[in-house]
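See below for the structure under consideration.
In the working numbering, the protein residues as written are 372 to 651.
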């Protein structure tokens, strides 16, 4: 299980097509990259040894070394802005020492997190994403090997002016109690079922993840989400509106799905319901 299974599926398909192991690895690395935007990773790396933040940074670095398709980017926050700049940084692995190091560093005019945290985090990281298509995922999402084989079919849906393709989620946490089941039902209605209730406009937008974007379109037309504080509370939805308003088309397919875990505590579930009831 896990998002990195996309790479495993590509490697298996390449072997079935008769490629040697060197070509298999090269093809997989050129077609898939799992980019995680952890905006405070730089702060955690600088934490004191033995602290909880340092433990988290070490755990992330261990994942980077174990998973060849995993990349992590973060926002570098200078201790003294007069001496150094804010920057978007991509973590890489030094081929000689086999240790994590900064592979790319892009200077920024200031702190990029000026609006809502999540969309700002997404939009500062998208510069490091390679390829023609971009799938946006939350950290509470899962993936399965069987679904990974279908991604090549999903990408065939991009033609003409289609710039965004959505597909359903399966809430795997719904069996963990009454509150978890309620949260799963609410999520299904919010994220999946309401997409069919588009009459009479017959327009479907973007209600969250795991939708796949035409990366060239989204990088030149306002990004994957809007980040204005208070105004764009449901930042993903405005990404879909932006795509439609700029001439793109959004569709929804059902032959593939992605796993997702929802909140299982009453307080957190209630907070999500408050957000939805506030028209977000």
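Every residue gets a Cβ at the ideal spot worked out from N, C-alpha and C, and that includes glycine.
Quick caveat: nothing in here was measured; it's all calculated off a predicted structure.
Going by DSSP, what residues sit across from residue i in a beta bridge?
i           : result
residue 468 : DSSP lists no partner for residue 468.
residue 458 : 447 and 478
residue 395 : In the DSSP output, where bridge partners are listed per residue, residue 395 has none listed.
residue 406 : 442
residue 541 : 630
residue 609 : Its beta-bridge partners do not exist; DSSP assigns none.
residue 621 : 535
residue 615 : Paired residue(s): none; residue 615 is not in a bridge.
residue 506 : 583
residue 463 : 472
What's the C-alpha gap between residue i and residue j?
i           : j           : result
residue 545 : residue 555 : 5 Å
residue 487 : residue 596 : 10 Å
residue 500 : residue 399 : 15 Å
residue 623 : residue 533 : 11 Å
residue 492 : residue 509 : 12 Å
residue 553 : residue 580 : 20 Å
residue 511 : residue 543 : 11 Å
residue 464 : residue 474 : 8 Å
residue 592 : residue 535 : 13 Å
residue 607 : residue 507 : 10 Å
residue 435 : residue 429 : 10 Å
residue 613 : residue 639 : 29 Å
residue 635 : residue 372 : 21 Å
residue 390 : residue 528 : 26 Å
residue 414 : residue 453 : 18 Å
residue 481 : residue 522 : 37 Å
residue 383 : residue 589 : 30 Å
Note down, in chain order, each residue of its chain lying with its Cβ closer than 8 Å to the Cβ of residue i, except the 5 sequence neighbours on either side.
i           : result
residue 458 : 446, 447, 476, 477, 478 and 479
residue 628 : 518, 538, 539, 540 and 541
residue 526 : 504 and 583
residue 421 : none
residue 418 : 424, 425 and 428
residue 548 : 635
residue 472 : 462, 463, 464 and 465
Near residue i, which residues of its chain fall below 7 Å by C-beta distance, leaving aside the five closest residues on each side in sequence?
i           : result
residue 637 : 550
residue 559 : 542
residue 403 : 377, 378, 381 and 440
residue 386 : 395
residue 617 : 592
Just to confirm my understanding: we take residue i, look at its own chain, exclude 5 residues before and 5 after, and list those with CB closer than 6 Å. What are they?
i           : result
residue 456 : 478
residue 374 : 405 and 514
residue 633 : 542, 544, 554, 555 and 558
residue 520 : 380
residue 438 : 375
Minimum length 4: unbroken alpha helix (DSSP H) runs contained in the stretch 511-537
Qualifying alpha helix (DSSP H) stretches, in chain order: 516-519 and 522-526.
For the pair the stretch 397-410 and the stretch 490-499, tell me if three or more CB-CB distances fall below 8 Å.
yes
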